[in-house]
Ligand code: NAP
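Residue numbers (this note's numbering): 615 to 891.
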């Protein structure tokens with residue numbers, strides 16, 4: 615029987631660890647979550663991040679700005695948060711409205727407070743010595759694979775998807791753990807041949823049921839990052855029929871998703887400890 619890797623369980627274990635760490639700290643780490651506009655998914659994600667941060671006992675505030683907020687106004691707010699010694703982590707929810715240059719916003723956040731791990735400084739550190747605030751979804755995936763004892767060294771890992779927030783940083787993390795990593799994308803030729811090589815197969819495409827059983831090597835570990843809404847239900851990128859072939863898999867919902875928020879809070883605590891010493 616394949617192992618069902620439960621993100622809620624792993625996140626719970628991480629929260630317990632963070633609670634112990636917080637007891638030792640003489641201060642309360644502070645997170646500021648910034649959102650522009652009322653995109654329903656962004657509203658849901660930012661509320662959840664703020665709620666989980668408060669439940670853990672962090673000093674969290676959700677700063678919801680109107681969608682017409684100009685780039686200058688947003689950059690000025692980030693400047694204030696950078697300068698505020700009481701703030702440890704800054705997260706600006708993406709995507710941003712079209713009139714705002716997201717990369718300029720990402721680069722405006724002080725790297726020491728970059729709890730999303732998207733600043734070029736964090737990205738550079740990720741690919742070099744690894745001493746960085748790591749992007750939450752890839753870091754959460756690694757944490758989950760470790761929790762379930764998935765061996766990575768020397769194994770063939772294939773990631774489908776090369777986004778800056780999932781595919782590319784996950785490639786760096788798996789490479790650092792000595793996997794042989796292939797990153798596939800929409801121009802990859804004969805994708806099923808590539809994915810069938812994978813002992814660890816990660817799907818981060820955003821297309822429901824994209825990975826079919828024919829694309830899976832029997833015994834592979836399957837990690838499903840995709841989240842799509844189909845008929846009011848959340849579904850992943852991996853066709854559930856492929857789960858039966860695997861040795862372990864992450865379900866959607868309840869797999870990678872809960873880990874992303876947990877890692878954000880872990881990053882906030884880490885940022886506080888690095889910055890405050
Ligand atoms: P993205 O930026 O849209 O990237 C999608 C990737 O899939 C691209 O690299 C694209 O290739 C590739 N792709 C598209 N069609 C393909 C095809 N036919 N064959 C092979 N590759 C194909 O997506 P993302 O931001 O990484 O997110 C991916 C999914 O994960 C979404 O469903 C998102 O909602 C979900 N997500 C979940 C979490 C979580 O916490 N669970 C976090 C982040 C994202 P090209 O580069 O060639 O276009």
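From the three backbone atoms N, C-alpha and C, an ideal C-beta is built for every residue, glycine too. Predicted, not measured: the structure shown is a model, and the values here were computed from it.
Checklist entry - Does the separation of the CB atoms of residue 841 and residue 833 fall below 8 angstroms? => result no
Checklist entry - What distance in whole Å lies between the Cβ atoms of residue 722 and residue 692, which are believed to be in contact at a cut-off of 8 angstroms? => result 5 angstroms
Item to check | Inter-stretch contact (C-beta, 8 angstroms, three-pair minimum) for the stretch 736-743 and the stretch 849-866 | outcome: no
Checklist entry - For residue 702 versus residue 889, is the C-beta distance shorter than 8 angstroms? => result yes
Checklist entry - Would you call the stretch 639-646 and the stretch 621-630 in contact, with 3 or more CB pairs under 8 angstroms? => result no
Checklist entry - What is the residue span of the alpha helix (DSSP H) that residue 878 lies within? => result 870-890
Next on the checklist: Assuming contact is defined by CB atoms lying nearer than 8 angstroms, are residue 881 and residue 729 in contact in what I supplied?
Outcome noted: yes
Checklist entry - Closest to residue 891 by CA distance: which of 643, 874, 804 and 770 is it? => result 643
Next on the checklist: For a test of your reading of the model: does the CB of residue 805 fall under 7 angstroms from any non-hydrogen atom of the ligand NAP? Yes or no.
Outcome noted: yes
Checklist entry - How long is the line joining the alpha carbons of residue 762 and residue 664, rounded to whole angstroms? => result 28 angstroms
Next on the checklist: Between which two residues does the beta strand (DSSP E) holding residue 757 run?
Outcome noted: It is not in any beta strand (DSSP E) - residue 757 instead sits in the alpha helix (DSSP H) that spans 750-761.
Next on the checklist: Given the structure, does residue 876 come close to the ligand NAP, in the sense that its CB is under 7 angstroms from one of the ligand's heavy atoms?
Outcome noted: no
Next on the checklist: Which residues does DSSP list as the beta-bridge partners of residue 772?
Outcome noted: 796 and 815
Next on the checklist: To test your reading of the DSSP string, which unbroken beta strand (DSSP E) runs of 3 or more residues are found completely within the stretch 617-653?
Outcome noted: 644-650
Checklist entry - Is the CB-CB distance between residue 717 and residue 659 below 8 angstroms? => result no
Next on the checklist: Restricting to Cα atoms, I'd like to know which of 680, 823, 801 and 828 is closest to residue 812.
Outcome noted: 828
Next on the checklist: Need the endpoints of the alpha helix (DSSP H) that residue 782 sits in, please.
Outcome noted: 781-790
Checklist entry - Do you know offhand how far residue 820's Cα is from residue 800's? => result 12 angstroms
Item to check | Proximity winner among 682, 650 and 876, relative to residue 676 (alpha-carbon distances) | outcome: 650
Checklist entry - Should residue 709 be labelled buried (16 or more other beta-carbon atoms within 10 Å of its own) or exposed? => result exposed
Checklist entry - Residues bridged to residue 842 by DSSP? => result 849
Checklist entry - Between which two residues does the alpha helix (DSSP H) harbouring residue 739 extend? => result 734-741
Checklist entry - CB residue 838 to CB residue 817, shorter than 8 angstroms? => result yes
Item to check | Residue span of the alpha helix (DSSP H) that contains residue 719, given as start and end | outcome: 716-722
Checklist entry - At a cut-off of 7 angstroms, is residue 773 close to the ligand NAP when judged by its beta-carbon and the heavy atoms of the ligand? => result no
Item to check | Opposing strand residues paired with residue 836 [DSSP bridges] | outcome: 815 and 863
Next on the checklist: Measuring alpha carbon to alpha carbon, tell me which residue in 846, 786, 871 and 835 is nearest residue 860.
Outcome noted: 835
Checklist entry - Out of 634, 789 and 759, which has the shortest C-alpha to C-alpha gap to residue 620? => result 759
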